[in-house]
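Quick note: the sequence shown uses this note's numbering, first residue 3, plus one each step.
So the structure is just underneath, and the comments pick up after that.
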Amino acid sequence: MSCCKALSLRASAWLVLAMLLSGCASLSPYSTLTKLDLKLSASDQLNPDLNGRPSPIVVRLMELKHPVAFEHADFFSLYERAKESLAPDLVASEELELRPGQSVDLKLSIRSDSRYVGVLAAYRDLPETRWRYVIPVSAMEVTSSELILDQAGIRDPLQPLAWAGE
Numbered sequence: 003m004s005c006c007k008a009l010s011l012r013a014s015a016w017l018v019l020a021m022l023l024s025g026c027a028s029l030s031p032y033s034t035l036t037k038l039d040l041k042l043s044a045s046d047q048l049n050p051d052l053n054g055r056p057s058p059i060v061v062r063l064m065e066l067k068h069p070v071a072f073e074h075a076d077f078f079s080l081y082e083r084a085k086e087s088l089a090p091d092l093v094a095s096e097e098l099e100l101r102p103g104q105s106v107d108l109k110l111s112i113r114s115d116s117r118y119v120g121v122l123a124a125y126r127d128l129p130e131t132r133w134r135y136v137i138p139v140s141a142m143e144v145t146s147s148e149l150i151l152d153q154a155g156i157r158d159p160l161q162p163l164a165w166a167g168e
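Shown next as structure tokens:
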């Protein structure tokens, strides 16, 4: 075996080992990464259309340094121009589609400068639904959160429902 091949194999072995160890570190309970374990559950009556039929919904998760701009921007600014509307607070984002009756468990590694995750749901009836939600995350810890998306919007099942007069 030539010297170059031996060095190449050795370098490849070290690279694989480093990747395996970094993967183990991110799963370790002693990890210093900030994580969010998020369960999203869609009700069977999610996002009804004009005829009352449930429909899929697009959900965006936005890592934020501060939540103020996210909490005060209108839906279309956040949906169509998130980078401009949330600068300099937007750190990262990802999108998924949720179908009626579907549940997803997400295990997210949050970037070190993110302290909040904004959840944005593209409901058909924006004026009548709660289409945004903010989850605070603790640095270098695992934050767990569960959200239910139904015909009224996004809600945390552990939070009491607010009445119209409140």
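Just so you know, even glycine gets a beta-carbon here, dropped at the ideal spot from N, CA and C.
These numbers come from a predicted model, not from an experiment.
The C-beta distance from residue 135 to residue 69 rounds to 10 Å, too long to meet the 8 Å contact threshold. The alpha-carbon separation between residue 54 and residue 137 amounts to approximately 29 Å.
No Cβ-Cβ contact shorter than 9 Å links residue 96 with residue 48. It is roughly 21 Å from the alpha-carbon of residue 94 to the alpha-carbon of residue 156. When rounded, the separation of the alpha-carbon atoms in residue 41 and residue 106 is 6 Å. Taking 3 residues as the minimum length, the beta strand (DSSP E) runs contained wholly in the stretch 39-110 are 59-66 and 92-100, in order along the chain.
Looking only at 98, 111, 104 and 50, the smallest Cα-Cα distance to residue 125 is reached by 50.
Under DSSP, residue 118 shares a beta bridge with 66 and 138. Following the DSSP letters along the chain, one finds residue 148 inside the beta strand (DSSP E) bounded by residues 144-152. Annotation for residue 157: the continuous beta strand (DSSP E) segment containing it runs 155-157. Around the C-beta of residue 116, 16 or more other C-beta atoms lie within 10 Å, and the residue is accordingly described as buried.
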